[in-house]
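J.:
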Amino acid sequence: MKLPSCFRPAAVLVLLVPAACSYDLAERPTGGPVVAAVDNTAPTAAPLRNVRWELRELAGQTAPDMEQTPYLLLQEGRTRVEGRAGCNKFSGPYTAPAVGQLRLGPLATTRSACPDLAAEGNFLQALNQAQNYRISGNILSLYSDDTLGAPLARFRAVTAKK
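Shown next as structure tokens:
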């Protein structure tokens, strides 16, 4: 006997419902330890762009105390970098021709009379020497040549710019 097409979905349900209801609840384990799934994947790395990166290390040393925390922000789309070198602000173009490569500058800076211009100069020099980068979690490391040696500077992601 051939069923009309309008009755076929109902016929499928008639066959599936008894099969689903035949599950024996007595076979379901009760008590005993609960096993939780653990996610061992690495944390997602922060994006390079549209994140405020605050200086944590400069030339292998803890970032110097400055009037304000030095930071940089690479803008998406405009290929502009902006930030603060401590007391003075800076901005300029950047290029990232490939993943892991980054060139900053030339950078223009304000010229305020600041108490620690030497530390600012060292920070800006590190930015000008940067050619490569690596992001691990929320840490950005800038390198002059390859990413095998000591980084010029290390930054921590603080906030994403909206």
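For reference, each letter of the sequence shown is one residue, going -26 to -1, 1 to 136 in mature numbering (1 follows the signal peptide of the UniProt record, and there is no 0). Where a beta carbon is used, it is the ideal one built from N, C-alpha and C, also for glycine. Since the structure is predicted, the reported quantities are computational estimates derived from the model, not experimental observations.
1) When you compare only the Cα positions, how much space is there between VAL55 and PRO67?
2) Would you mind stating whether ASP48 and ALA70 have Cβ atoms separated by less than 9 Å?
3) By DSSP, does LEU101 sit in helix, in strand, or in coil?
4) Just the C-alpha distance for ARG128 and LEU29, rounded to the nearest angstrom, thanks.
5) Would you tell me roughly how many angstroms separate the C-alpha atoms of LEU101 and LEU126, rounded to the nearest one?
6) Locate the beta strand (DSSP E) running through THR69, then write down its first and last residues.
7) Just to confirm the assignment, what range does the beta strand (DSSP E) spanning LEU126 have?
8) Leaving out five residues on either side along the sequence, give the residues of the same chain with a beta carbon under 8 Å from the beta carbon of GLN105.
9) Do the CB positions of ARG58 and GLN42 come within less than 9 Å of each other?
10) PHE64 and THR84: beta carbons closer than 9 Å?
T.: Inspection of the coordinates gives the following:
1) Computed Cα separation, rounded: 6 Å.
2) Here residue 48 turns out to be Leu, not Asp, going by the sequence shown. In contact: LEU48 and ALA70 (Cβ atoms closer than 9 Å).
3) In the structure shown, LEU101 adopts helical secondary structure according to DSSP, grouped into three states.
4) Each residue's Cα considered, the two are about 6 Å apart.
5) Across the structure, LEU101 and LEU126 are spaced so that their CA atoms are roughly 8 Å apart.
6) Element bounds for THR69: 63 to 69.
7) Membership of LEU126 in any beta strand (DSSP E) is not indicated, and neither H nor E is assigned to it by DSSP.
8) Closer than 8 Å at Cβ, skipping near neighbours: GLN75, LEU76, ARG77, TYR117, SER118 and ASP119.
9) Contact flag set, yes.
10) The Cβ atoms of PHE64 and THR84 sit closer than 9 Å to each other.
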